[in-house]
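Chains as they are written, first to last, in this note's numbering: chain A, 1 to 110; chain B, 1 to 114.
Rendered as structure tokens:
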């Protein structure tokens, strides 16, 4: 079974602060995605990374895929209340099965 | 293009009953996956259907079943409901042939079992 552990589980910060969320596994993934889920809604795809060492930027969000394709990070610069939500990483591994991470719940306050 | 739709959005059932949830994927998407989301267990994969056939299955008991119709719409059924089945059930569609298994989720059905 491929597991994806996210840390931290919970994060409460003030507007303007920076933060990093980690997604770690002992398994190799062919690709890894990040989703954000807001209360009462389904997860929304933010980005997909596929190459070891790849870095992608989406406005204030920076996503990195580890060199060995076993881990990933999401860095948010100058967080805003609109960034509040549950962040989920998800990796595609053997048999093209998608495994979701344990989730990081982010709260950004004014 | 319309997104993934799920009906109903909310359901309240009692133990022992059964329930059927419905999902309509994005037009052109032929793969539909179902997930269960709970605070304790997170997002867990139930099963995936493609061309009316179950392609992958997660580790859930046989009380959980699903099917897909020729128009790609899907239903999942839970029989003999237990309190622990209370969860958000999410459906996601995927365009087979896209490279990276990217999932497009619906808003979910919130099931409460009393």
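Glycine is no exception: its CB is placed at the ideal position from the N, C-alpha and C atoms. Keep in mind the model is a prediction, meaning the values are calculated, not measured.
>> Pairs of beta-carbons, one from the segment 11 to 29 of chain B and one from the segment 39 to 56 of chain A, closer than 8 Å: are there three or more?
In response: no
> Under a three-way DSSP split, which group does residue 138/B fall into?
Replying inline: The requested residue 138/B is not part of the displayed model; chain B covers only 1 to 114.
> Quick one: complete beta strand (DSSP E) runs, 3+ long, within the segment 1 to 77 of chain B?
Replying inline: 5 to 7, 10 to 13, 19 to 24, 31 to 38, 42 to 50, 53 to 57 and 64 to 68
> So is the beta-carbon of residue 35/B under 6 Å away from any non-hydrogen atom of the ligand MG?
Replying inline: The ligand content of the structure shown is nil, which means the ligand MG is not present either.
> In terms of alpha-carbon separation, which member of 56/B, 78/B, 80/B and 35/B lies closest to residue 107/B?
Replying inline: Translated into positions along the second chain, residue 107/B becomes position 107. When each option's Cα is compared against that of residue 107/B, the closest is 35/B.
>> Check for me: the beta strand (DSSP E) holding residue 5/A runs from which residue to which?
In response: Sequence index remark: in the first chain, residue 5/A carries index 5 (1-based). From DSSP, the beta strand (DSSP E) with residue 5/A extends over 5 to 7.
> With DSSP run on the structure shown, which of helix, strand or coil describes residue 67/A?
Replying inline: The residue labelled residue 67/A in the question sits at position 67 within the first chain. Coil, per DSSP.
> Relative to the C-alpha of residue 24/B, which residue among 105/B, 85/B and 18/B is closest?
Replying inline: The sequence position of residue 24/B within the second chain is 24, counting from 1. Here the closest residue by C-alpha is 105/B.
> Considering only residues of the same chain and omitting the five flanking positions on each side of residue 60/A, which have a CB-CB separation below 7 Å?
Replying inline: The residue given as residue 60/A occupies position 60 in the first chain. The answer, listed in chain order, is 76, 77 and 78.
> Using 8 Å as the threshold, is the segment 87 to 94 of chain A in touch with the segment 31 to 39 of chain A, meaning 3 or more CB pairs across them?
Replying inline: yes
> Span of the beta strand (DSSP E) holding residue 16/A?
Replying inline: To locate residue 16/A, count along the first chain from 1; it is residue 16. Careful: residue 16/A lies outside any beta strand (DSSP E) and carries neither H nor E.
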